[in-house]
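Participant: Quick note: to get my numbering, add 317 to the position in the sequence shown (first position is 1). Just so you know, even glycine gets a beta-carbon here, dropped at the ideal spot from N, CA and C.
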Amino acid sequence: MSSSPRHVLDVDDLDAAEVAEVLSRAGTARPTPALEGRGVALYFQKSSARTRHSTELAVVQLAGHPVTVLDHEVGIDTRESAEDLVRTLACYHAIVAARVFDHSVLERMAAVSPVPVVNLLSDRAHPLQALADLLTIAEVFGSCEGRTLAYVGDANNVANSLALGAGRTGVAFHIASPGGYGFDGEQLAGLQEAGAEVRSFEDPREAVNGADAVYTDVWTSMGQETEAAQRKHDFAGFTVTPELMDAAAPHAVFLHCLPARRGEEVAAAVIDGPRSRVWQQAANRMHAARGLFWWLVDPVADRMTAPNVKGERT
Ligand code: CP
Ligand code: NVA
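Structure follows, in structure tokens:
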């Protein structure tokens with residue numbers, strides 16, 4: 318058996334039982350002091366409000382010490398390589414978590430790190446966001462199983478991790494994107510291989526029909542700023558409006574990872590209205606991070622065998 322640590326670069330690094338376990342720990346108000354006397358490094362190449370604060374507080378709640386590291390302080394691949402940085406941080410920390418532009422930086426870190434590496438957002442994935450969103454859906458509806466989540470917008474990092482998380486928790490995932498902004502064939506095949514049930518639409522009304530939750534994210538993600546004007550043009554008609562919410566199930570809630578641009582991907586009347594659960598999601602970022610960090614450092618459980626692409630343990 319390999320003695321490699323478990324890394325969480327996307328939701329499919331956890332199998333369905335592990336996602337359930339992490340969500341259960343996330344819902345536990347009194348965790349054990351699992352990180353007592355230990356550190357967690359939180360490295361950021363991009364801006365963050367929710368992720369930085371929720372992960373710092375999650376570490377404190379586990380009795381550990383968070384150290385936030387901004388890119389200009391360490392200079393990945395300029396001052397020293399990502400590999401040397403993670404080897405150094407692992408001398409002091411039980412977990413190294415990182416927000417990066419290029420997902421391959423996380424893969425390089427995970428390849429050499431003696432401690433778990435956790436993705437705090439990359440161009441490909443945002444697993445801690447998806448875990449918080451699944452926790453929110455479970456809180457709103459009692460459980461995730463059998464629900465339908467309709468995502469309206471760019472098939473980006475958030476959409477990818479949500480689709481994987483939906484697959485792990487029995488949620489059907491619908492996505493409506495303008496032409497050229499949906500998942501491509503390779504991505505859809507990968508999601509299907511990972512057990513995600515994804516249906517793609519071009520018409521947002523069809524995607525949200527009967528959905529329990531309607532989700533959106535910004536049209537221009539961090540790192541895509543030069544495309545903003547083109548994207549604003551291309552995503553016209555994909556705003557989540559009160560009328561679009563009315564096409565979902567009568568009990569449907571609205572979700573958004575934040576930060577939001579009112580008047581672009583979502584109307585103010587929706588995000589600030591009675592169906593919005595965005596602040597519950599933001600609060601759940603801390604609980605989800607705590608659940609994952611606790612699970613990762615818990616010496617009692619077997620953390621040495623990662624699930625295969627179908628989410629099965631071999
Ligand atoms: N949702 C999210 O990751 O927010 P931040 O970018 O502010 O961390
Ligand atoms: N898709 C967005 C999410 C921000 C939390 C981005 O990557 O900028």
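Which two residues bound the contiguous beta strand (DSSP E) that contains Pro348?
Facilitator: Note, Pro348: premise wrong, no beta strand (DSSP E); not H, not E.
Participant: Taking Ala375 as the reference, which of Asp329, Ala449, Pro431 has the closest Cα?
Facilitator: If we check each option's Cα against that of Ala375, Ala449 comes out closest.
Participant: On the premise that Gly540 lies in contact with Asp471, defined as a C-beta separation below 8 Å, what is that separation, rounded to the nearest angstrom?
Facilitator: Actually they do not touch by this definition, with Cβ atoms about 12 Å apart.
Participant: Would the C-beta of Leu326 count as close to the ligand FMN, meaning under 8 Å from any of its heavy atoms?
Facilitator: Ligands in the displayed structure: the ligand CP and the ligand NVA; the ligand FMN is not one of them.
Participant: Give the straight-line distance between the Cα atoms of Ala566 and Thr465, rounded to the nearest whole angstrom.
Facilitator: The alpha-carbon atoms of Ala566 and Thr465 are separated by roughly 10 Å.
Participant: Note down, in chain order, each residue of its chain lying with its Cβ closer than 7 Å to the Cβ of Asn474, except the 5 sequence neighbours on either side.
Facilitator: Closer than 7 Å at Cβ, skipping near neighbours: Leu438, Ser439, Asp440, Arg441, Ala442, His443, Ser538.
Participant: With respect to the beta strand (DSSP E) encompassing His550, which residues constitute its N-terminal and C-terminal limits?
Facilitator: Unbroken run through His550 is the alpha helix (DSSP H), 545-551; no beta strand (DSSP E).
Participant: For Glu582, count neighbouring Cβ atoms within 10 angstroms of its own Cβ and tell me buried if that reaches 16, exposed if not.
Facilitator: Buried is the call here.
Participant: Quick one: grab the DSSP three-state call for Phe500.
Facilitator: Reduced to three states, the DSSP call for Phe500 is coil.
Participant: Just the Cα atoms here: how many angstroms apart are Asp329 and Glu424?
Facilitator: If you take the alpha carbons of Asp329 and Glu424, they lie about 14 Å apart.
Participant: If you follow the alpha helix (DSSP H) that Leu632 is part of, which residue opens it and which one closes it?
Facilitator: For residue 632 there is no data in the structure shown, the boundaries of the chain being 318 and 631.
Participant: Given the structure, does Met603 come close to the ligand NVA, in the sense that its CB is under 8 Å from one of the ligand's heavy atoms?
Facilitator: No; taking the cut-off as 8 Å, the Cβ of Met603 has no heavy atom of the ligand NVA nearer than that.
Participant: Answer yes or no: the CB of Pro322 versus the heavy atoms of the ligand NVA, is any distance below 8 Å?
Facilitator: Incorrect: Pro322 has no Cβ contact closer than 8 Å to the ligand NVA.
Participant: Closer than 7 Å by C-beta to Ala605: which residues in its own chain qualify, once you throw out the five before and the five after it? Chain order, please.
Facilitator: Excluding positions up to five away in sequence, the list reads Ala343, Leu445, Leu448, Ala449, Leu452.
Participant: Taking contact to mean at least 3 C-beta pairs separated by less than 8 Å, is the segment 570-577 in contact with the segment 593-604?
Facilitator: Flag = yes, the segment 570-577 and the segment 593-604 touch.
Participant: Spell out the partners DSSP gives Gly356 in its beta bridges.
Facilitator: Paired residue(s): His382, His410.
Participant: Classify His573 as helix, strand or coil using the three-state DSSP reduction.
Facilitator: Of the three classes helix, strand and coil, the one that applies to His573 here is strand, per DSSP.
Participant: Between Gly507, Ala489, His324, which lies nearest to Arg516 when the distance is taken from Cα to Cα?
Facilitator: Nearest option by C-alpha distance: Ala489.
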